[in-house]
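Participant:
There are 2 protein chains.
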Amino acid sequence: MDTNAAPNVTAAALAPPKPVAARSLVEAAHEAIRHEILTGGLAPGEKLRFEMLRKRFGFGASTLREALTRLVGEALVTSEEQKGFRVAPVSLEDLADLTRTRKFIELEALRESILNGDDAWEGRLVSAFHRLSKVEAKLSSGPELQQDEFEHRNNEFHHALISACPSRWLHHLHGILYQQSERYRRISLVNRVVPRDVHAEHKAMFDAALARNVELACQVAGEHIERTLSVMAKVLTAGR
Amino acid sequence: MDTNAAPNVTAAALAPPKPVAARSLVEAAHEAIRHEILTGGLAPGEKLRFEMLRKRFGFGASTLREALTRLVGEALVTSEEQKGFRVAPVSLEDLADLTRTRKFIELEALRESILNGDDAWEGRLVSAFHRLSKVEAKLSSGPELQQDEFEHRNNEFHHALISACPSRWLHHLHGILYQQSERYRRISLVNRVVPRDVHAEHKAMFDAALARNVELACQVAGEHIERTLSVMAKVLTAGR
DNA sequence: GTCAACAATAATTTCGAGATTTTTTATAAA
DNA sequence: TTTATAAAAAATCTCGAAATTATTGTTGAC
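Respectively, the protein sequence lines represent chains A and B.
Just so you know, my numbering puts 599 at position 226 of the first sequence, and the rest follows in order with no gaps.
Just so you know, my numbering puts 564 at position 191 of the second sequence, and the rest follows in order with no gaps.
1) Spell out whether any CB of chain A is found under 8 Å from the CB atom of arginine 438(B).
2) Are the C-beta atoms of leucine 512(B) and some chain A residue less than 8 Å apart?
3) Compare the C-beta of aspartate 470(B) against all C-beta atoms of chain A and say whether one is closer than 8 Å.
4) Counting contacts by CB-CB distance shorter than 8 Å, is phenylalanine 477(A) in contact with chain B?
5) Which whole runs of the alpha helix (DSSP H) in the stretch 446 to 482 of chain B are 4 residues long or more, in chain order?
6) Starting from isoleucine 406(B), trace the alpha helix (DSSP H) both ways and give me its first and last residue.
7) When the cut-off is 8 Å and only beta carbons count, does glutamine 519(B) lie next to chain A?
8) For alanine 611(B), does the count of other Cβ atoms within 10 angstroms reach 16, so buried, or fall short, so exposed?
9) At the level of alpha carbons, what is the spacing between valine 604(A) and leucine 449(A)?
10) Can you list the residues of chain A that arginine 396(B) reaches, using a CB-CB cut of under 7 Å?
11) According to DSSP, is leucine 415(B) helix, strand or coil?
12) Going by other Cβ atoms of all chains shown within 10 Å of its Cβ, with 16 needed for buried, is alanine 584(A) buried or exposed?
13) Of the residues Leu415(A), Ala461(A) and Arg443(A), which one's Cα is nearest the Cα of phenylalanine 430(A)?
14) Below 8 Å, how does it come out for the stretch 466 to 480 of chain B and the stretch 552 to 559 of chain B: are there three or more Cβ pairs, yes or no?
15) When the Cα atoms are used, what is the spatial distance from aspartate 356(B) to alanine 510(A)?
16) Is the distance from the Cβ of lysine 420(B) to the Cβ of glycine 457(B) below 8 Å?
17) Can you find a C-beta in chain B that's less than 8 Å from the C-beta of asparagine 381(A)?
18) Mind the definition here: the stretch 581 to 596 of chain B touches the stretch 435 to 448 of chain B only if three or more C-beta pairs lie below 8 Å; say whether that holds.
19) Which term fits leucine 387(B), buried or exposed, when burial requires 16 or more other beta carbons within 10 angstroms of its beta carbon?
20) Between arginine 558(B) and alanine 533(B), is the Cβ-Cβ spacing less than 8 Å?
21) Can you find the residues in the same chain that come closer than 7 Å, C-beta to C-beta, to tryptophan 530(A), ignoring five residues on each side of it along the sequence?
22) Does the CB of leucine 480(A) have a neighbour CB from chain B at under 8 Å?
23) Return the bridge partner residues of leucine 421(B) from the DSSP annotation.
24) Going by other Cβ atoms of all chains shown within 10 Å of its Cβ, with 16 needed for buried, is lysine 476(A) buried or exposed?
25) Is the beta carbon of isoleucine 487(B) closer than 8 Å to that of leucine 543(B)?
Laid out in structure tokens, this is it:
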């Protein structure tokens, strides 16, 4: 079969936020709505009416319904039988609990990853750190333009760190928690109040991991997560 | 409005396994299919065609589709774009990884639960242990009849143990892993090979928790989970 | 003036048919 | 006999409308 370059999605062509081409309309709808929730275009607690979503994204009711059901599974959307869907709410308590739980999971994964890491893992890590450093340097000049790209590379770097952890279930759980954190992180990025040398923190994690120093890496990563919490907490309380 | 005792679901009346009345057809379909997967009526790896599911359960295509999407979120079903749904496969590797990860999560939740437990928690624990003990005694006579009830009360007891853990996210993650374990556990229950005093193990956990002995409770619970793994592993390898 | 029952409106949920894609089967060439 | 191509069949995916349920607004009685 030859490659078909023509986009075969018709309804999706109407929606403004369309970063990636998806294999099915449900996937496209899922990613579009997910992006809007993560970036705040759909506010926490907001009711998700089908008529509104139809106009905004251009998908049919069944397609939207399945996309929302996926998002419920990722805990980005809540649903109550016969009463529709809502964007999952955010709160300081949830952020604190989420961060604590993520730290618990992520440090265990990091530990196992460092112990099991091979040359290929080191290669992925070096590569991801390099790409992240590049976008971090640009971020100070034009913040909003590179935010999606920064999140993507930040995600890649953190994933590379734990990518040698052999437990599929630990990865699965971490993925859920990480996506939740991303939501809070983006809130604190758009209106950042605390100046912070994130690059230095990333470099410390990178160095400790490559040196195979489990204890140091976990300590640094733990502090990194905690610091992220305190920054996000400040933003959330300041907004009130 | 007065209470309406008549079942308002029409299509669902055809399906044989219908334990609970659901608020929506999607929920009914979700629970019916989930039950069939957990009990083995739908085999691991089996393709889930809509025509087959329509005949078997009597729901419409969209309803089934959403129910399957929910099950994908619970990792009981896998989906590949444009190629449909399958029952999630089982394997010895997955079981080992799952058990290890569940132990990691469940012991942490148990630790926090014992430290935070109040009188209400003790009450729930005593009650759940009592109910579990009753059904355990009956289980030796008629195994198949009480299996659903045993699983239900076993679930209640293990949930009661960690119910005083304040972390919602830890509970959420534990729920995912516990449901997965239930699937393997039911396989090893129908064709059990190793005689085992499960009641004594449960009693040891119960006593240690009520005595607020964190270390002993975690040790006993850890051994309980490990022993469950070894039993299930024996069944899975014997089946080959 | 307050509360409850009832009607009107709006939203969600469900279904079946049509469009698109994948898989299978048949045919022909090497 | 094997491989490639193409038609046919089967399955999934998507849509819009009908049915069910929740919400809102109004009227009437106490």
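Don't be surprised by glycine CBs; every beta carbon is placed ideally from N, CA and C.
Facilitator: From the atom records:
1) Residue mapping note: residue 438(B) aligns to position 65 of the second sequence, counting from 1. True, the Cβ-Cβ gap to chain A drops below 8 Å.
2) For the purposes of this step, residue 512(B) is taken as residue 139 along the second sequence, with counting starting at 1. Taking Cβ atoms only, chain A never reaches closer than 8 Å to leucine 512(B), which makes this a no.
3) Indexing the second sequence from 1 puts residue 470(B) at position 97. At least one chain A Cβ lies under 8 Å of aspartate 470(B).
4) Taking the first residue of the first sequence as 1, we reach residue 477(A) at position 104. Judged by the 8 Å Cβ criterion, phenylalanine 477(A) is in contact with chain B.
5) none
6) Translated into the one-based positions of the second sequence, residue 406(B) becomes position 33. Run containing isoleucine 406(B): 398 to 412, per the alpha helix (DSSP H) assignment.
7) If you number the second sequence from 1, residue 519(B) lands on position 146. Cβ-Cβ to chain A under 8 Å: no for glutamine 519(B).
8) Against the second sequence, residue 611(B) aligns to sequence position 238. Exposed, since its Cβ has fewer than 16 Cβ neighbours within 10 Å.
9) Within the first sequence, numbered from 1, the residue matching residue 604(A) stands at position 231. Within the first sequence, numbered from 1, the residue matching residue 449(A) stands at position 76. Whole-angstrom Cα-Cα distance: 22 Å.
10) Locating residue 396(B) in the second sequence gives position 23, where the first residue counts as 1. Result: Glu454 and Gln455.
11) Taking the second sequence and counting its residues from 1, the one referred to as residue 415(B) is at position 42. It is coil, neither helix nor strand.
12) Walking along the first sequence from the start, residue 584(A) turns up at place 211. Exposed, since its Cβ has fewer than 16 Cβ neighbours within 10 Å.
13) As a working note, residue 430(A) is residue 57 in the first sequence. When each option's Cα is compared against that of phenylalanine 430(A), the closest is Leu415(A).
14) yes
15) Only positions 374 to 613 of chain B appear in the structure, and residue 356(B) is not among them; the question remains open.
16) The residue you call residue 420(B) lines up with position 47 of the second sequence. The residue you call residue 457(B) lines up with position 84 of the second sequence. Yes, the pair counts as a contact, with Cβ atoms nearer than the cut-off.
17) Mapped onto the first sequence, residue 381(A) falls at position 8. Interpretation of asparagine 381(A) is limited by its pLDDT of 34, a score under 50 that renders its predicted location unreliable; the figure taken from the coordinates is listed afterwards. It does not: the Cβ of asparagine 381(A) has no partner Cβ on chain B nearer than 8 Å.
18) no
19) Indexing the second sequence from 1 puts residue 387(B) at position 14. Residue confidence for leucine 387(B) is low, a pLDDT of 29 falling below 50, so the modelled location carries little weight; the figure read from the coordinates is stated next. Counting Cβ neighbours within 10 Å, leucine 387(B) comes out exposed, since fewer than 16 surround it.
20) To locate residue 558(B), count along the second sequence from 1; it is residue 185. To locate residue 533(B), count along the second sequence from 1; it is residue 160. Going by C-beta atoms, arginine 558(B) is not nearer than 8 Å to alanine 533(B).
21) Here residue 530(A) is taken as the residue at index 157 of the first sequence, counted from 1. It should be pointed out that residue 530(A) corresponds to phenylalanine in this sequence rather than to tryptophan. Contacts found: Ala501, Phe502, Leu505 and His575.
22) On the first sequence, residue 480(A) is found 107 positions in, with the first residue counted as 1. Not an interface residue.
23) As a first step, residue 421(B) must be located in the second sequence, where it is residue number 48. In the DSSP output, where bridge partners are listed per residue, leucine 421(B) has Phe458(B).
24) Mapped onto the first sequence, residue 476(A) falls at position 103. Answer is buried; the Cβ neighbour count reaches 16.
25) Residue 543(B) sits at position 170 when you count from the first residue of the second sequence. Residue 487(B) sits at position 114 when you count from the first residue of the second sequence. Result no, Cβ atoms of leucine 543(B) and isoleucine 487(B) do not sit closer than 8 Å.
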